[in-house]
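Numbering (this note's numbering), first residue to last: -4 to 222.
In this text, a Cβ means the ideal position worked out from N, Cα and C, and glycines have one as well.
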């Protein structure tokens, strides 16, 4: 893989039904992390225990730059939200314009987040090579959902990524792993992307959303191909 050091950090990242995770629905018997400043720590697996979500995904993803400044303050629990964050209107508008311009993506009310969040929904005509990541291969748990990301009212997002890319997002401080990533379940690589505050931040956020889109659909779209 692109970064052998990160390969040794492969997570067995997974979340419970994300509707509960984002909205604060019924919790399992174990205790969720409660820090308001740090996300849940990443769990690691040994080589040979590579998550299914990292397989068959290209190695040529652009390396993310390090985000300057401190991490955003978040709840550190569910519902997983930023605290005291507000979008920059022109940046937020361009973010939404670009991600909803992805081929085969519809703007719908999110099925997996709090009221006001907008889901990035992959239309039925678009083939999904990793429907299992979204629950499409799991009976009885949001099995029909095609929502691979959503934008919260404050401009932050939750996205479904390959595990190594999710770790990179966390390590470079563009976002953080979901607090429940180390719990038994079936979604891997769920991360929050912090609200972009500048056009430079926006480019990174769009790049990550496109990575998630390519991962789920098997496409090889570049950000400069978005209308």
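Judged by their CB atoms, residue 169 and residue 59 are nearer to each other than the 8 Å cut-off.
Its Cα nearest to that of residue 64, the residue 189 stands out among 189, 106 and 75.
Distance between residue 161 and residue 79, taken at the CA atoms: about 24 Å. Of all alpha-carbon atoms in 97, 93, 92 and 66, the one lying nearest the alpha-carbon of residue 212 is that of 97. Counting only runs of at least 4 residues, the stretch 80 to 120 fully encloses the following alpha helix (DSSP H) elements, listed from N- to C-terminal order: 84 to 94. When the beta-carbon positions are compared, residue 156 and residue 164 come within less than 8 Å of each other. According to DSSP, residue 186 shares a beta bridge with 154 and 172. Looking at the DSSP output, residue 146 shares a beta bridge with 113 and 152.
Excluding the 5 residues flanking it on each side, residue 167 has same chain C-beta neighbours closer than 8 Å at 59, 60, 61 and 62, in chain order.
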